[in-house]
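Accompanying notes for the structure given below.
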């Protein structure tokens, strides 16, 4: 009995397809075994001094500056408009700010994308929080924002009190709690 | 020539199964890529559109692999390939460097000249796959249909598992 050509071709296509997946997984495995995967928790070390950041405010492009140590605590969020968890973080920060749960705390969203990317996400487009695009990569390098969303809590004296991946209301509240007492006293 | 046409057909089917399953492993990330191409007023349609694209890829891939004699499937695959090329073209023009997540977490490729060339190659293969071939070469029995369906499911599961494992790495900044 003669086997249809299609069956012979299809089995080769499937073999190559599955083989490609094996190669992809082995490459990844090799990368993980031979390279340092980096810090499990991105963000600056707690207790270190936060670096000042100059940025262009979005969408108007006005110059802005974050100067840790100026007496005002700050929540700095490193976000990306195409990242779903970042949208959640923007929503959480906006909700807490709107209900007065972040008294005296400056909230700054930092993105590395061009201004046009704000329109990708309704959460970024509609937020009343301040959004900035850092002007110098060297200034934000010390924040070690290797993944997004990254939330950094800096107290009034410019010291990092908490840093890590956060998106939910609870996570934001936990970060804010590290600097809230001080800000309430200031208010 | 028949073998080339059938190879294009089977390869596209496997490609679609892998792409659809990989996207299914991390739908939120693919949704973010879809949002790039949807105007703000229509963003509410993004979840449904994302699900539709994934379902269309899986269905077209499985049908093309298991029912090679169905001509309408070739046209559906051609329509998908046209869509991929349009998206790759717009992505190259407007969102160069952004992750396209065309194969979920299986690749970290971004919209680029290379991705545009790849989509044109896929389109060429889809056009080739619509060429008629002798019925004797593509007529298969019930057992072969069932076995191919099982192979398609295995392929989809393998791609899903691989993409899921790779997606656990997180989102690079």
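Protein chains in written order, with this note's numbering: chain A, 1 to 187; chain B, 1001 to 1173.
Where a beta carbon is used, it is the ideal one built from N, C-alpha and C, also for glycine.
Nearest to residue 1057(B) by C-alpha distance, out of 1162(B), 1083(B), 1147(B), is 1083(B). With 16 or more other Cβ atoms inside 10 Å of its own Cβ, residue 92(A) counts as buried.
Just measuring C-alpha positions, the residue of 1127(B), 1143(B), 1026(B) sitting nearest residue 1051(B) is 1026(B). Here DSSP, grouped into helix, strand and coil, assigns residue 1133(B) to coil. Here DSSP, grouped into helix, strand and coil, assigns residue 1016(B) to helix. For residue 1051(B), there are no neighbours in chain A by C-beta distance under 8 Å, as the nearest C-beta there is about 15 Å away. Of all C-beta pairs linking the region 113 to 124 of chain A to the region 141 to 158 of chain A, fewer than three are shorter than 8 Å, placing the two stretches out of contact.
Put simply, the CB of residue 1167(B) is far from chain A, with every gap to its CB atoms at 9 Å or more.
Taken through DSSP and simplified to helix, strand or coil, residue 46(A) comes out as coil.
Note that the C-beta distance between residue 1022(B) and residue 1064(B) is not below 9 Å.
Contact of residue 1035(B) with chain A by beta-carbon distance below 9 Å involves 81, 82, 120, 121. Not a single CB atom of chain B sits nearer than 9 Å to the CB of residue 154(A). Under the Cβ distance rule, residue 1002(B) counts among the residues neighbouring chain A, one pair being separated by less than 9 Å.
Using a Cβ-Cβ cut-off of 9 Å, residue 4(A) counts as an interface residue toward chain B, since at least one Cβ of chain B sits closer than that to its own. Those residues of the region 1122 to 1137 of chain B placed with their C-beta closer than 9 Å to a C-beta in chain A are 1133, 1134, 1136, 1137, ordered along the chain. DSSP, read as helix, strand or coil, puts residue 132(A) in strand. Scanning chain A for C-beta atoms nearer than 8 Å to the C-beta of residue 1045(B) yields nothing, as the closest lies near 13 Å away. Using a Cβ-Cβ cut-off of 8 Å, residue 1085(B) is close to nothing in chain A; its nearest Cβ partner there is about 21 Å away. At a cut-off of 9 Å between beta-carbon atoms, residue 135(A) makes no contact with chain B. Interface criterion met: the Cβ of residue 20(A) is under 9 Å from a Cβ in chain B. Within the model, the alpha-carbon separation for residue 1042(B) versus residue 1095(B) is close to 19 Å. Secondary structure note for residue 88(A): its alpha helix (DSSP H) is the uninterrupted segment 84 to 98. According to the DSSP assignment, residue 66(A) belongs to no alpha helix (DSSP H) but to the beta strand (DSSP E) extending over 63 to 66. Listed in chain order, the alpha helix (DSSP H) elements of length 4 or more contained wholly in the region 1072 to 1142 of chain B are 1113 to 1129, 1135 to 1138. The residues 1013, 1017, 1061, 1062, 1065, 1066, in chain order, have a CB closer than 8 Å to that of residue 1152(B) in the same chain once the five nearest residues on each side in sequence are set aside. A contact between stretches requires three or more CB pairs, one per stretch, nearer than 8 Å, and the region 1032 to 1047 of chain B fails this requirement with the region 1067 to 1079 of chain B. Shown here, residue 1021(B) sits in a helix according to DSSP, grouped into three states.
Straight-line measurement puts the Cα of residue 105(A) at about 8 Å from the Cα of residue 179(A). Within its own chain, the residues whose Cβ lies closer than 8 Å to the Cβ of residue 101(A), once the five positions on either side in sequence are excluded, are 173, 176, listed in chain order. Taking 9 Å as the CB threshold, residue 173(A) stays off the interface with chain B. Under DSSP, residue 152(A) forms a beta bridge with 76(A), 163(A). By the neighbour-count criterion, in which 16 or more other beta carbons inside 10 Å mark a residue as buried, residue 27(A) falls on the exposed side.
Around the C-beta of residue 162(A), 16 or more other C-beta atoms lie within 10 Å, and the residue is accordingly described as buried. Boundaries of the beta strand (DSSP E) around residue 53(A): 53 to 58.
The count of Cβ pairs closer than 8 Å, one atom from the region 1132 to 1150 of chain B and one from the region 1105 to 1115 of chain B, stays below three, leaving the stretches out of contact.
Boundaries of the beta strand (DSSP E) harbouring residue 109(A): 106 to 110, taken from the DSSP string.
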